[in-house]
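Protein chains in written order, with the working numbering: chain A, 2 to 115; chain X, 398 to 509. We treat Cβ as the ideally placed atom computed from N, Cα and C, and that holds for glycine. The structure presented is a predicted model; accordingly, all values stated were derived computationally and were not measured.
So this is what it looks like as structure tokens:
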């Protein structure tokens with residue numbers, strides 16, 4: 002299995018509080034991604050990174066920010082959590098960009114915003 | 398990105414062969430067809446990828462007809478542990494920022 006860890010694995014937080022999720026990889030892959038998965042929506046891309054300090058928005062980026070100061074770490078921050086951000090968050094990595102390159106997914110973080 | 402259509406759910410029994418078909422009428426010349434598998438409470442994982450004809454690996458086979466407007470994932474002799482959601486993705490990636498558009502997937506339930 003690819004070396005990807007996510008922390009925390011579970012979190013319950015209150016509306017309006019900031020939350021940071023961490024993705025850590027040991028594969029030295031250039032590309033890292035954050036997805037959220039909700040019933041009825043499949044997986045949707047939030048943000049992705051193509052290198053240290055290089056990030057871009059995905060299809061559902063509103064309310065989220067990311068940072069990548071080291072190759073191995075990709076942080077997802079909910080500036081002010083809302084109930085609509087209750088979801089399962091997955092981090093993924095890939096060696097190169099493109100559908101023809103396999104993406105490896107982490108175990109996920111289940112976030113509940115009350 | 399080519400839109401894909403696949404059945405929402407399928408049921409099977411242990412030992413049977415399962416075929417899941419994905420329609421992608423608007424597939425482009427440079428597009429690959431990729432399948433991911435997701436077990437409950439886990440992230441998706443890559444199963445197989447192809448461009449045309451047939452691809453086989455230790456997990457599955459992928460059949461792609463000449464017109465490439467559909468593809469079929471074949472799982473031989475399924476077991477209970479094959480119960481999962483299977484996603485069909487189509488694209489070349491180079492024009493989509495590496496995004497994977499998963500859609501709803503097919504929920505496969507294998508019964509004893």
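{"Check": "Does residue 437 of chain X come within less than 8 angstroms of chain A when only Cβ atoms are used?", "Outcome": "no"}
{"Check": "Look at residue 467 of chain X and residue 421 of chain X and say whether their C-beta atoms are less than 8 angstroms apart.", "Outcome": "yes"}
{"Check": "With a threshold of 8 angstroms between beta carbons, is residue 104 of chain A in contact with chain X?", "Outcome": "yes"}
{"Check": "Could you list the residues in the stretch 403-434 of chain X with a C-beta less than 7 angstroms from some C-beta on chain A, going in chain order?", "Outcome": "429, 431"}
{"Check": "Tell whether a beta-carbon distance below 8 angstroms holds between residue 505 of chain X and residue 479 of chain X.", "Outcome": "yes"}
{"Check": "Report the neighbours of residue 112 of chain A on chain X: residues whose CB is nearer than 9 angstroms to its CB, in chain order.", "Outcome": "Those do not exist, as residue 112 of chain A stays about 14 angstroms from chain X at its closest Cβ, beyond 9 angstroms."}
{"Check": "Can you confirm whether the stretch 45-53 of chain A touches the stretch 7-16 of chain A when touching is taken to mean that 3 or more C-beta pairs between the two stretches lie within less than 8 angstroms?", "Outcome": "no"}
{"Check": "Does any residue of chain X have a CB that is nearer than 8 angstroms to the CB of residue 75 of chain A?", "Outcome": "no"}
{"Check": "Hey, how far is the Cα of residue 418 of chain X from the Cα of residue 42 of chain A?", "Outcome": "20 angstroms"}
{"Check": "Going straight from the alpha carbon of residue 454 of chain X to that of residue 446 of chain X, what length do you get?", "Outcome": "10 angstroms"}
{"Check": "Run through DSSP, which three-state label would residue 86 of chain A get?", "Outcome": "helix"}
{"Check": "Go ahead and pull the three-state DSSP assignment for residue 478 of chain X.", "Outcome": "helix"}
{"Check": "Counting C-beta neighbours from all protein chains within 10 Å, is the total for residue 412 of chain X 16 or more, i.e. buried, or is it exposed?", "Outcome": "exposed"}
{"Check": "Mind listing which residues of the stretch 456-475 of chain X have their C-beta closer than 8 angstroms to chain A's C-betas, in chain order?", "Outcome": "none"}
{"Check": "For residue 477 of chain X, does the count of other Cβ atoms within 10 angstroms reach 16, so buried, or fall short, so exposed?", "Outcome": "exposed"}
{"Check": "By the three-class DSSP mapping on this structure, what secondary structure does residue 499 of chain X have?", "Outcome": "coil"}
{"Check": "Verify whether the separation of the beta carbon atoms of residue 91 of chain A and residue 51 of chain A is less than 8 angstroms.", "Outcome": "no"}
{"Check": "What's the C-alpha gap between residue 20 of chain A and residue 449 of chain X?", "Outcome": "44 angstroms"}
{"Check": "Let me know if residue 481 of chain X comes out buried or exposed under the rule of 16 or more other beta-carbons within 10 Å of its beta-carbon.", "Outcome": "buried"}
{"Check": "Mark residue 405 of chain X as exposed unless 16 or more other C-beta atoms lie within 10 angstroms of its C-beta, in which case mark it buried.", "Outcome": "exposed"}
{"Check": "Mind checking whether residue 22 of chain A and residue 431 of chain X have CB atoms under 8 angstroms apart?", "Outcome": "no"}
{"Check": "So what does DSSP say about residue 57 of chain A, is it helix, strand or coil?", "Outcome": "strand"}
{"Check": "List the residues of chain A whose Cβ lies closer than 9 angstroms to the Cβ of residue 447 of chain X, in chain order.", "Outcome": "The premise fails here: residue 447 of chain X is roughly 10 angstroms from chain A at the closest Cβ pair, so nothing lies under 9 angstroms."}
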